[in-house]
Amino acid sequence: MSDSLLTIIARIKAQPGLEARMRQDLLSLLAPTRAESGCITFDLLQDTNDPTVFVLYENWKDQVTLDAHFQQPYVKQVLQAYEETLAEPIAILSLRKIESSRRSQTRE
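Structure (C-alpha cells):
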C-alpha cells in the first residue's frame, strides 16, 4: 500500500426537512466520482440515529487526485447546493493508514 493513500471521512449534516434533497445531491456524486482515476472508494452512509447526518467514506490514490476531484464541475455544483441545505459546516477528517487488519477470505 502506498504511503500517499488518503482516507477522507466527511460528516455532512442537513437542515431538518432537507434530508431527502441532501441525499439526492450526495447520490449524484457517486457514479462520476467512482469513475475518477484516483478514486479507490467512495461510499455514502447515513446515521441510523439521526437521518440528517450523512457520511462520505473515501479513499484516494493521493492528494493530487483528491484535489482534482474538487475541481470537477459536478462536485462544484453539489458544494454550491450545500449552501442551502447544510445545518452546520462539514466536518472533514483527512487520514493516513498506520496499520490495518483484514479477515481471511478463506474459511476452514
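Position in the sequence shown (from 1) plus 9 gives the number in the working numbering.
Think of the CB as a built atom: it goes at the ideal place given N, C-alpha and C, for glycine as much as any other residue.
Item checked: Supposed contact pair ASP76 and TYR66 - C-beta distance, whole angstroms, cut 8 Å -> The Cβ separation is near 19 Å, so there is no contact.
- Query: Excluding the five sequence neighbours on either side, which residues of its own chain have a C-beta within less than 8 Å of the C-beta of VAL87, listed in chain order?
  - Reply: Hits under 8 Å: ASP34, LEU35, SER37 and LEU38.
#### Entry: Any 3 or more C-beta pairs closer than 8 Å across the stretch 89-98 and the stretch 40-51
Because the criterion of three Cβ pairs below 8 Å is not met, the stretch 89-98 and the stretch 40-51 do not touch.
* Distance, PRO82 Cα to ARG30 Cα -> Cα to Cα, ARG30 sits roughly 19 Å from PRO82.
So ASP71 is in the alpha helix (DSSP H); what residue range does that whole segment cover? That residue, ASP71, is in no alpha helix (DSSP H); it is neither H nor E in DSSP.
**Item:** Identity of the residues DSSP links to ILE17 by a beta bridge
**Value:** ILE17 is bridged to GLU67 and SER103.
Check: In this structure, does DSSP put THR42 in helix, strand or coil?
Finding: Helix at THR42.
Discussion item. For LEU102, count the other beta carbons within 10 Å of its own beta carbon; 16 or more makes it buried, fewer makes it exposed. Which is it?
Written reply: Flag for LEU102 reads exposed.
- request: Return the CA-CA distance between PHE63 and LYS70, expressed in angstroms with no decimal places.
  value: One alpha carbon belongs to PHE63, the other to LYS70, and they sit about 23 Å apart.
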